[in-house]
Every structure is written in structure tokens, then in C-alpha cells.
Amino acid sequence: MKAVRTILFAWAALLALLGLTIAASFAPLGHALPFVSYGVAFAKTGIVAWIFMELRVRDGLQRIALGAGFVWLAILFTLLFADNLTRGWPA
Amino acid sequence: MTDAMSHVNPRMSQEPVPDTAEERVSYLAEGHSLRSWLLTTDHKRIAILFLLSITFFFFCGGIAAALIRLDLLTPAPDLLSNDGYNRAFSLHGIIMVWFFLIPSIPTTFGNFLIPMMIGARDLAFPRLNLASWYIFVLGGLATLATVVLGGVDTGWTFYTPFSSTYSNGAVFMAVTAVFISGFSSILTGINFIVTVHKLRCPGMTWGRLPLFVWAHYATAVIFVLATPVLTIALVLVALERIAGIGIFDPRLGGDPLLFQHLFWFYSHPAVYIMVLPAMGVVSELITNAAHKQIFGYWFVAGSAIAIAVIGFMVWGHHMFVSGQSPYASAIFSFLSIVVAVPSAIKVYNWTATLHKGDIVIDGPLLYALGFIGLFTIGGLTGLMLAMLAIDVHVTDTYFVVAHFHFIMVGGSVSAFFGALHFWWPKITGRLYNDLWARLAALLIFAGFVMTFAPQFLLGYEGMPRRYHVYPAVFQPLNVMSSVGASILAFGYLLPFTYLLWSLRHGKPAGPNPWGATGLEWTTPSPPPKHNFETVPVVDKQAYCYPVGGRSEDSKPATQKAEPGDG
Amino acid sequence: MAEVSRPQPQFPTLARQREADHLGMLIFLTTEVLIFGGLFAALFVLRAEHSAEYVKSSKGMHLWLGGINTAVLLTSSAMVALMVEAVRAGRARLAKWLLMGAIALGLAFLAIKFTEYALEYRDGVVPRLSPGNLQGGPDALFMDLYFAATGLHALHVAAGLVLLGSLIWPFGAARSDSSAAFAGNAALYWHLVDVIWLFLYPTLYLAR
């Protein structure tokens, strides 16, 4: 069935991304590593949300309902780190 | 009807007294056993359960307030010890915030009215609603346990590292109590959001929703997005307390400010949880008092959403002197000024609604006017506090205490009493004596101003908050505040007398004593268990009051589609 | 549990009730995201303020065990997604086997997790509990947050397993759960538990 194939493809993609993120942690990426790691984490989350959690067939309200948590965390982190990262700056 | 007897609300329509057949089907009559109440899934009964619970906690918090104001009559620490005073204001804050104000309007009037206002038979998840009450009670029991264990001295704000490391109070039990109550909030929030999305009756579009529903929708969004962060903040404090992990302890690599960020990320939106439902109530009361369409419906509805969203971005204004980066403080200051705009919009819209309205002055209107006046003062002083240059001087003084009491007490509690009076006939099926209602409203207003206005002056002069020892020069204002508090207390007690008296001796109420337009007024008073015999159909805007105000022959119009409507 | 054929009185149709159930579950999942978000905030603050110790502690984590656990959870999620499809197709026995496989993998996750905890105890990096190596300080704080975060996550894994387990028993009777309503909601919870781990893994194990 098409749905089964989609799920299996998603699973394969997820495992590939897992391999990528582990490999990246051994590569000499320096300060770019967190971007790769979290980029991959978001990509995996996207696949799980879109395909496994079926956001691709749900209506906008349901997508907003699940997405709101992540958006609100972004608000928390942005303003929290606006403080943390600038505490040492000259006045 | 225009010939008013002074003790009877002149607006009350001369409806026929309902017969006993109607009373027999009221939700109050569906079972009289304790079990039928404790295992109910009827949103109206659950609202009553919450009403009884929060009233109990209002008294508890009030006793703590009485201790505080009594102690502050003199500059010396003569009533309570230093530690005792710390415990008194901490318990006052914890109980009033989490066990009275935050649940107050949403779990009582929100629960009772939202399904009725949208033409639904109940909330989306009735059993979750009951679970929410039980969880609330469990949290309340934990709070009482905190009192029995001697209380906490950290303030309701639980700042670290004092709460996590140094305090000798019952911090663990206190944070557990609040932790538990958070789940009650979250369940209510989920219930309200899903209900408004999925259970509106035919014709009840978003643009026809009463503003009370919009306000509670916005509140529910805050419940759901803010409370979990408090939950984890309290878990971390508890972990640090019992396991000493050092997350907030700078000696162990932790950051005490992290707690304040997580705490205020919740607690600032929490103040909007406390005020948005009150604003929803005021919209209902003002439109009914003026018998007129709201001025700027979409502005009022949209401002509720705007307050809910922007309110999440301002929390750092509680941390201006905490060591927060001045750059972040500047951002928070700017956003805090921005968030005042939608609140102001609401005040303008209510005022414009009253303008040229066919106003009759009765108890509910006086409470609503009290809200508008006191909220405006509280809000303006909030703007002052949003400005860094002022805040660094008056933070942690009585100026801040006065500011938030003007909003939470002058505002929200006044609106709560307004709602209690306005919907009392619907909830209980009884009318009360309006003369007493107006007297109570005026006493509350006078007592409130006498209590809290001096505190602005005290704070500006430099009296710190949470101190019960103060320079003797501050005593006159403190005495005035305490005397005001006793008047306020009397004002709050008064409705208990005449409202409870009306349960037995009040005139039975018809479906729509105020001639109001919401769907809740199309049902008998009190309503039957499933609210509506048949699901209503709506074809009119909210507040569809007949143009030209009240007159002898104008039939009260409601949103419900009636046969013979044009 | 078993499929009901009539909606509750407040819902006009069964379809509307199912939409409400899904929406309610998604909102609940958002609250879970925010709870864990607070823990992530603590971890990120620690990383920002003590990055050297943070990286050193992260390098001491069992990267491969964590990686295997990630694969385990991802596979378990895939099986749950397949299970929901099977329920929709009316294939109750296939659904049951997929469910049991998913639960087995979930249990494997917990087993590997506790093995890691045991290894960490043996390595002496459990603050206050394992003898000797770790004094107070940012490295101890890292480990404390690691235990707090993975411990809370493990609790949610256990809750998810209970939820999934509750689907097995009625399946013999619920062959007509053709909309996979309850199974779908349980699956959503399980997927979220997976998503949380997807962020825990790089945060704790892969900080270099």
C-alpha cells in the first residue's frame, strides 16, 4: 500500500539522518556542529511529524496545535538567550 | 418597567414566575446526593464545585492578608515575627494567585457559560473537566499541608537560590501544591480550546461569538502554553531541594537567573490569565448595561488574542534589577510598552459602547465600571513600571504591590463579583436585591481605593515590599491602608449575605431578567442539564440589542434564530 | 478503547468527536513539548555558561548506546505508524503484532537506558551516588541534568508503553475501529516521546 511504502521510506530516511548526525559529530566541524546536529534533529522531527503523526493529512488547526509548542519554545529561547549571551557585553 | 422601585433593578423584565415543572428539570434538581455532585460531568455542576472551592481559598488568602495588614498597622514587628511575616505574605500570594485568581473566572463562569454561550450541551471533554476539579482540590490540600507544615517564607515567586538551597520552610510541599494545580489549568485550557473550535452551534461563527468566549479562548491558549514551563521550573526547584543538583546554584555551575526566566515566562502570561476573563466579563456587562452593540467588536476580540501572544514576550520586566543583561531589559521594556496597547484599546471600546447607550445603573454595571477605572490606573502604573528608568527605583517597593493589586483585585475581583451578580439569576434561578448589590459595589470600590492608593505613595517614597518593619514616617499611610482593607473585607462579605439569602427568599428568575442577548439567556433559569432542548441556531451578531435601547414594547432580542425573524 | 457507534451528547456527529479528540491530544502534546523545553533551556544555559565542561561531559557519554537507542525508538515509531494503518485496513492481527513489536522495542529502549545508567554508576559519574570521581561543579550539573532529562523521558516512555499496551487487549473485540481513533491518539503520544529523544540525543551525547 502506498501509505506503508511512505512509512517505510520515512523510516529509512530517519535512520540515514541518524547515521549522518553521528558521523558529523566525528567530523572536524567546529562551531558549525551544533547547527548540523540540530538541523538534522529538526529534519527528523519534521519527518516524524509530517509522516508518522500524519500532519500531512491533517487540517491547519491541528498543525498549528502541534507546532505552537515549538514556536513558543523559540520565543522562550530567543529572549532567554538575548539575556544570557549579552550579559558580558560592555554597557 | 420604567417606573423603578429603588430596591428592585428597574431593568428586570416583568417575566412570569416559572412554574414548578421547569424547576423540576433544572440541573440543580438532577440528583441531590453527594455522589451526584462529586461524580458529575455536567459543566454547570462542576462550575459550582469550583465556585465553592475558590471561595474557600479566597477566605484563606484573605486571612493571610488580614494578618499582613494588621501587622503593618505599626512600624514595629509586633504581631508576627520576621519569619512569620514572610510566611504570611508567601501564603497570601500562593493561595490568591494559584488557588483563587487563576481559576476564578475561567473555572466558574467559564465552565458554566462557555457551552451555553456557543449553543452546546457541554464542554468537549466533560470527564476531563471533573478531573480538573479533583486535581485542583488535590493541589489545594497540598497547600493546606504546606500551612500545617509551617508554611514557606520564599514569597509566591520562589526565587532561587533561596528557595532551592537556603530556605527552611516547606518549600517542597508548596511547589508540589502549585505543580499539581498546574495540571488542573492545562486540562481546563485544552477543554476550552477544543470546545470553542468544535462545539459551536449552527450559525455561531467566530464573528458572532460573545466576547466572553473570545477572552476565555485567549486565556485557554495561555493556560496551555505557559503552564508547562512553570511545571518544569518547579520540578527543578524540587530536585535541587531534595538532591542538591545545583542547577540554580552558582557555586555549582548553575544560574539562579534561569529560574526567574522560566518562572516569569509562565507568571507574566499568568497575569493575563487573571485579567483576560475579567475583560470578557466586562464586555458582557457593559453591552448589557448600555443595551447597545459593542463598539469595535473585532478590535476587542483581536486585542484579547494580541494580549495573549505579546504577553509571552515581556516577562523580563520582572527582572530589570536581577542582573539581567541591560540589552535584554531594553527589549523587554519596549515589548512591555507594546502590550499595553491592546488593553487600552479595550478600555476605549467599552467607553465608546457606553456613550449614548440606554444605561441603567445597577450592581453589575457598578462592578464593571469599577473594573474599568481601577484597571486603567493599574495599567498606567504598569506602563510606568515598564520603563527602566522608573522601575529601577520603584521595583520591590509598594509601588509594584499597589500596581498589581489595582489590576488583580480592583480589576479582576471586581469583575468576578460583577459576573457573580449578572449571572446569579441564571445559575441559581433567583433574583437578588439590587440595592444591596450597589451598596456592596460602592463599599468595595471605596475600601479598595483606601487600601491600595496609599501604597503607591508608600512605594514611591521608598517603602520596600515584603517588610513589616518600616520607618515610623510611613505609619499614617499604612494605617490608612489597613483601615481601607477592613472596609474592603466588609464589602466582600456583604454579597455573601444577600446572595445566599436570595437562594431561599429571592424572587424566582425568568429566562432573561436583564433582557440580554446571549444564548445562555434563552434557557430557563436555572438551565436544564443539557442546556438546550434542541440545538439552537444563530442568525444574529452578539449584542444584537434593539436599536433605540429599551422601551416598553421592545422584545428582548437574543442571538437565537426565531421564527418570524426578518 | 473499543469503537463506539454513537457520539457523546455534546457532539453532533461522531466525526466531530474524533476531530475533537485528535485536537485535544495534539494540544496536550504541545504542553509536553513545553515541559521538556524547560529542561532543554537548562541544558543550553549550562552549555552557554560552561561550554568546556559541557563538551567534556558530553564526550564521556555512551554515544553508541544512545545512537542504538535512537534507532530503536525510530523503528518503534515506524511500527506504531504501520500499526495505525493496519487498524484502518481492518487487519487486527497484523496490528496486534506490530503493536507488540513496538512495545518490545520500547522496552528495549528502557533496558538499554538502564544499562547506560549502570555503566555510568560504574564509571563513577553519577553525582553523589557513585563513589568518588565527580565533585560539584558544571560536570556534575551536566550529569544531573542528563539524569533529570532522560529520567523524565523514560517516565514518558513508560507511560507511552502503558498506553500502547492498553490497545492490545481490546483489539480482538475492536475489529471495527476503522477510523483508528484511539489507536491514532496513542500513536501520536508515542511519536512525541520519540521526537523528544531526537532532541535529547544531540544535546546530551553529540556536543563536541
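Residue numbers (my numbering), protein chains in the order written: chain A, 1484 to 1574; chain B, 1007 to 1572; chain C, 8 to 215.
Where is the CB? At the ideal position from N, CA and C, for every residue including glycine.
Owing to the predicted nature of the structure, the values given are computational and were not obtained by experimental measurement.
- Under the 8 Å criterion on CB atoms, Phe1318(B) is classed as interfacial with respect to chain A.
- Rounded to whole angstroms, the separation of the alpha carbons of Ile203(C) and His160(C) is 8 Å.
- The beta carbons of Thr1152(B) and Met1179(B) sit about 5 Å from each other, so the pair counts as a contact at 8 Å.
- Nearest to Phe1535(A) by C-alpha distance, out of Val62(C), Glu127(C), Arg54(C) and Leu81(C), is Leu81(C).
- DSSP, read as helix, strand or coil, puts Arg1247(B) in helix.
- For Gly1555(B), no alpha helix (DSSP H) segment is defined, and its DSSP state is neither H nor E.
- Interface criterion not met: the Cβ of Asp1542(A) is under 8 Å from no Cβ in chain B.
- His1267, Leu1268 and Phe1271: these are the residues of the stretch 1265-1286 of chain B whose beta carbon lies less than 9 Å from some beta carbon of chain A, given in chain order.
- Secondary structure at Pro1216(B): coil, using DSSP grouped into helix, strand and coil.
- Residue Thr1523(B) holds the alpha-carbon nearest to the alpha-carbon of Ile1300(B) among Pro1542(B), Thr1523(B) and Ser1487(B).
- Uninterrupted alpha helix (DSSP H) stretches at least 4 residues long and entirely within the stretch 1136-1161 of chain B do not occur.
- Across the set Phe1560(A), Trp1533(A) and Leu1563(A), the C-alpha of Trp1533(A) shows the shortest separation from the C-alpha of Gly1550(A).
- Proximity of chain C to Asp1128(B) at the Cβ level (cut-off 9 Å) is accounted for by Gln15, Pro16 and Gln17, in chain order.
- Linking Leu1380(B) to Gly1417(B) through their CA atoms gives a straight-line distance of about 6 Å.
- Here DSSP, grouped into helix, strand and coil, assigns Arg1436(B) to strand.
- Contact check for Gly1286(B) against Leu1217(B) passes: the beta carbons are separated by less than 8 Å.
- With the rule of 3 Cβ pairs closer than 8 Å, the stretch 1040-1054 of chain B does not count as touching the stretch 1086-1106 of chain B.
- Under the three-pair Cβ rule at 8 Å, the stretch 1553-1569 of chain A counts as touching the stretch 1321-1338 of chain B.
- In terms of Cβ geometry, Ser1191(B) and Phe1229(B) form a close pair [threshold 8 Å].
- Of the candidates Ala27(C), Glu123(C), Tyr208(C) and Leu171(C), the residue whose Cα lies closest to the Cα of Ile110(C) is Leu171(C).
- Distances from the CA of Ala1226(B) to each of Thr1113(B), Thr1166(B), Leu1240(B) and Gly1497(B) were compared; the closest alpha carbon is that of Thr1113(B).
- Restricted to the stretch 1062-1142 of chain B, the alpha helix (DSSP H) segments that are unbroken, complete and at least 4 residues in length are 1088-1100, 1108-1111 and 1117-1123, listed in chain order.
- In the DSSP annotation of this structure, the continuous segment of the alpha helix (DSSP H) that includes His1409(B) starts and ends at Tyr1404 to His1411.
- Assigned with DSSP and collapsed to three states, Ser1032(B) falls in strand.
- Legend: CB atoms of the stretch 1525-1556 of chain A lying less than 7 Å from CB atoms of chain B belong to residues Leu1544, Ala1551 and Trp1555.
- According to DSSP, Pro1514(B) shares a beta bridge with Arg1436(B).
- For the stretch 107-137 of chain C, residues whose beta-carbon sits nearer than 9 Å to a beta-carbon of chain B comprise Pro134 and Arg135.
- A distance below 6 Å between beta-carbons, with the five flanking residues on each side excluded, links Leu1258(B) to the following residues of its chain, in chain order: Gly1252.
- Cα atoms of Gly167(C) and Tyr1223(B): separation of roughly 29 Å, rounded to the nearest angstrom.
- For Trp1270(B), the enclosing alpha helix (DSSP H) begins and ends at Pro1262 to Ala1296.
- Spatial neighbours of Leu1240(B) in its own chain (CB-CB distance under 7 Å, excluding positions within 5 residues in sequence) are listed in chain order as Val1181, Val1184 and Phe1185.
- Contacts with chain C at 8 Å (Cβ-Cβ) do not include Gly1037(B).
- At the C-beta level, Gly1037(B) and Arg1093(B) stay beyond 8 Å of one another.
- Setting aside the 5 residues that flank it on each side, Phe1318(B) is surrounded in the same chain by Pro1275, each with a C-beta closer than 6 Å to its C-beta; the list follows chain order.
- Two segments are said to touch when three or more pairs of C-beta atoms, one from each, lie closer than 8 Å; by this definition the stretch 1301-1308 of chain B does not touch the stretch 1385-1394 of chain B.
- In terms of Cβ geometry, Ile1108(B) and Phe1422(B) do not form a close pair [threshold 8 Å].
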